[in-house]
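Encoded as structure tokens, the structure appears first; notes follow it.
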Amino acid sequence: MKNSQFLFEAIGLIDDDMIEEAAPGKKLRSYMKSIWSKWGAVAACLLTVILINSVFIFVYKLGSEPADTQDPAAAMDDYTDASASKYEIYVYGQDVDASVYYPSEEAEKNAPPTQNLSDFYPNAFIYGDADDDPMIGYFASNIDFSDYGFDYEFPQSKLTDTVEFAGVTYDVQYCCGRSVGHFEENDHTVYDAYAIYDHKGEEHNVEFYVNLDGKVVGVNVDCEMTEPTFTDEEGKAIALSYLRDILGDEADEYELYRYYEQGMYHGVYFCNKIDSVMTNDMIYIKLTGDGQLCKYRAQDTGRYAQYEDLLTVEMIDARVLYLTDKLRRLGISTTDFGDLYEPIIVEYCGELYINVRLIPLVRIEQDGKCIGYIQHRTWFFIKIDPDDYK
Amino acid sequence: MDDKMIVELYWQRDTKALTETKQKYGKYCRLIAYNILRSDGDAEECENDTYLAAWEAIPPNRPDPLRPFLGKIARNISVKKLVHQNAEKRGGGEAALSLDELSECVSDGDGIEKTIEARELAELINSFLYSISSSERKMFVLRYWYCSSIAEISEMYGYGESRVKMTLKRTRGKLSTYLRKKGVAI
């Protein structure tokens with residue numbers, strides 16, 4: 001018997017309770033559907049497409065100008081035609097009214113030249129439904145949105161020829177608008193938009209991640225990793241000097257602590273804002289063996305820890321309750337903490353802390369009114385005593 | 391008539407049990423069979439076979455509740471019929487699609503049944519399904535137990551099809567990881 005069939009048969013033996021729980025509420029509805037309703041729907045769709053296209057052609061013939069290739073954003077607007085489809089689009093967990101527009105074959109042939117976007121070839125665009133809504137995203141040609149959600153657009157007009165980092169200007173040989181999936185909310189993967197710039201240096205190639213605000217949030221240096229030749233304290237001083245170069249005076253707002261990776265390379269440091277119980281401002285720095293910067297990531301962390309096995313779901317739940325209570329005392333009520341994601345234990349000043357990430361979004365209310373959300377990669381630090389868990 | 395009374399009729403060998411079953415659960419059994427076979431004629435045949443199988447199985451069984459008991463019979467009969475049909479020609483239907491999707495959770499090939507009993511594997515799947523969220527679980531059961539189509543599940547939940555597909559894909563991924571962690575050589 002094929003393995004998949006065996007699995008299918010085993011699923012047939014699951015508990016009655018689950019079968020009852022999931023029993024279809026709208027029995028037979030789909031296969032009792034009249035064939036006329038199906039053909040009616042097809043006819044209605046065809047008619048809609050014809051009508052929309054007629055309007056589009058009519059408007060175009062009335063005098064719409066072709067795309068202005070000097071303005072890539074405007075060019076992209078004209079690159080789309082009027083064949084729209086409705087999908088559920090979620091932005092940070094919020095359903096938004098939006099339509100998806102597919103370029104026509106003709107439009108694809110006459111696609112405007114892209115600037116610095118050699119691998120950017122979207123096959124559909126997402127616009128808000130209101131008249132003045134801007135484009136809010138696109139489906140990239142190599143991404144199946146049904147599996148991966150959708151990409152945010154990184155506006156081409158924001159791409160630049162150089163990148164400023166730690167007081168140095170780097171020439172860019174290649175850049176593109178990209179997005180990085182970072183968390184799941186209501187089963188949707190949500191993406192942040194970044195520009196990725198490649199700089200070819202004399203010794204190393206460097207990749208910069210720049211967010212929509214023009215801030216460098218990530219740096220990857222193409223270099224060989226070796227064992228550190230420095231002590232932890234020396235490494236901490238080196239990491240701090242990089243942080244000062246990158247953030248200037250703002251670096252003083254951060255504390256550094258070593259990331260605990262037993263048996264692994266130890267040139268990794270986290271920087272966390274001082275006196276912050278709850279923070280999004282996490283920075284990750286990785287040094288090469290000779291103390292060069294290898295990786296810099298704002299709001300990103302590693303995921304392994306020596307003491308991971310000590311944690312149980314109950315322990316984490318208990319700490320979430322503690323945190324919820326703490327937030328309430330600050331006048332903030334939280335709802336729907338959802339799943340905890342990959343708790344790790346970090347060492348700081350000889351003490352151990354649980355470092356947990358909360359997913360999905362936590363809605364923050366004050367006086368019954370939503371005042372915002374704690375967004376992705378919300379990290380909490382809770383001091384722990386490993387003896388408690390022996 | 392409530393389930394206990396219907397089961398009692400079976401125990402008394404009263405053929406009214408069959409008419410009561412048909413009246414109360416006929417559509418349910420036919421839906422399961424139709425989801426798997428996608429043929430009205432075959433679904434009706436499986437529905438009738440389900441009553442006969444229930445007649446054979448009660449007594450000695452005294453199922454409570456009756457619905458999942460009948461559902462399991464209907465599913466087994468329908469799957470057997472589908473396998474039989476596929477031996478002659480490749481059949482379509484949601485069960486075939488479900489099988490394709492489930493193949494992502496296991497390695498290609500065969501032989502898994504030599505390392506674990508179906509009942510044992512079902513217990514692991516039970517544990518897994520109880521560990522995930524209610525909506526994920528329901529969608530999984532609808533798709534891989536009831537063989538409901540993606541469109542049907544979307545309609546039931548009022549979700550877009552992409553969302554249903556994505557949820558199922560992730561649940562399959564989690565199941566695969568879970569089974570591997572439990573040492574099932576899949």
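Just so you know, the protein sequences line up as chains A and B, in that order. Each step along the first sequence adds one to the number in my numbering, with nothing skipped, and position 216 is 216. Remember, my numbering sits 390 above the position in the second sequence when you count from 1. The beta-carbon is built from N, C-alpha and C at its ideal position, and this holds for glycine as well.
Within-8 Å CB hit, residue i to chain A
i	result
Tyr534 of chain B	yes
Asn466 of chain B	yes
Leu472 of chain B	no
Ser517 of chain B	no
Leu511 of chain B	yes
Pro450 of chain B	no
Arg457 of chain B	yes
Val397 of chain B	no
Cys436 of chain B	no
Cys495 of chain B	yes
Met546 of chain B	yes
Leu489 of chain B	yes
Leu408 of chain B	no
Leu427 of chain B	no
Leu421 of chain B	yes
Lys572 of chain B	no
Paired residues, beta bridge with residue i - DSSP
i	result
Thr162 of chain A	A:Asp171
Asp490 of chain B	Bridge partners of Asp490 of chain B: none, in fact.
Tyr284 of chain A	A:Phe270 and A:Arg297
Asn220 of chain A	A:Glu207 and A:Lys295
Below-8 Å beta-carbon distance, residue i vs any chain B residue
i	result
Pro228 of chain A	no
Asn220 of chain A	no
Ala166 of chain A	no
Phe6 of chain A	yes
Gly12 of chain A	yes
Alpha-carbon to alpha-carbon, residue j and residue i
i	j	result
Ala508 of chain B	Tyr197 of chain A	52 Å
Cys436 of chain B	Lys564 of chain B	33 Å
Ile11 of chain A	Pro450 of chain B	24 Å
Gly416 of chain B	Gly461 of chain B	10 Å
Ala251 of chain A	Ile515 of chain B	50 Å
Phe230 of chain A	Leu240 of chain A	14 Å
His199 of chain A	Pro228 of chain A	26 Å
Thr288 of chain A	Val163 of chain A	22 Å
Phe459 of chain B	Ser544 of chain B	26 Å
Leu569 of chain B	Gly201 of chain A	47 Å
Glu446 of chain B	Glu21 of chain A	26 Å
Ala423 of chain B	Gly573 of chain B	33 Å
Gln402 of chain B	Leu442 of chain B	15 Å
Cys271 of chain A	Gly235 of chain A	13 Å
Tyr284 of chain A	Asp222 of chain A	17 Å
Neighbour list for residue i in chain A, Cβ cutoff strictly below 7 Å
i	result
Gly461 of chain B	Ile19
Lys528 of chain B	Glu21 and Ala22
Leu492 of chain B	Ser4, Leu7 and Phe8
Chain-order list of residues whose beta-carbon lies under 7 Å from that of residue i (same chain, five-residue window excluded)
i	result
Thr557 of chain B	Glu526 and Met529
Ala457 of chain B	The amino acid at residue 457 of chain B is misidentified as Ala; the sequence shows Arg. Closer than 7 Å at the Cβ level, and outside the excluded window around Arg457 of chain B, lie Tyr415 and Tyr418.
Val42 of chain A	For Val42 of chain A, the predicted structure reports a pLDDT of 43, less than 50, and the residue's modelled location is therefore unreliable. A value from the coordinates is still provided. Closer than 7 Å at Cβ, skipping near neighbours: no residue.
Thr440 of chain B	Cys419, Leu460, Ile463, Ala464 and Ile467
Lys286 of chain A	Gly267, Val268, Cys294 and Lys295
Lys471 of chain B	Leu427, Asp432 and Cys436
6 Å Cβ shell around residue i - same chain, five flanking residues per side excluded
i	result
Tyr400 of chain B	Ala407 and Ile448
Ser538 of chain B	Asn425 and Leu532
Gly218 of chain A	Tyr209 and Arg297
Close-in-space but distant-in-sequence residues of the same chain around residue i (CB under 8 Å, 5 per side omitted)
i	result
Val469 of chain B	Ile426 and Ala485
Lys215 of chain A	Ala298
Ala166 of chain A	Tyr242, Asp245 and Ile246
Chain-ordered neighbours of residue i on chain B, where CB pairs are closer than 7 Å
i	result
Val15 of chain A	Reading off the sequence, residue 15 of chain A comes out as Asp, not Val. Chain B residues near Asp15 of chain A: Asn516.
is_contact[residue i, chain E] using C-beta, thresh 8 Å
i	result
Ala508 of chain B	Among the protein chains in the structure shown, which are A and B, there is no chain E.
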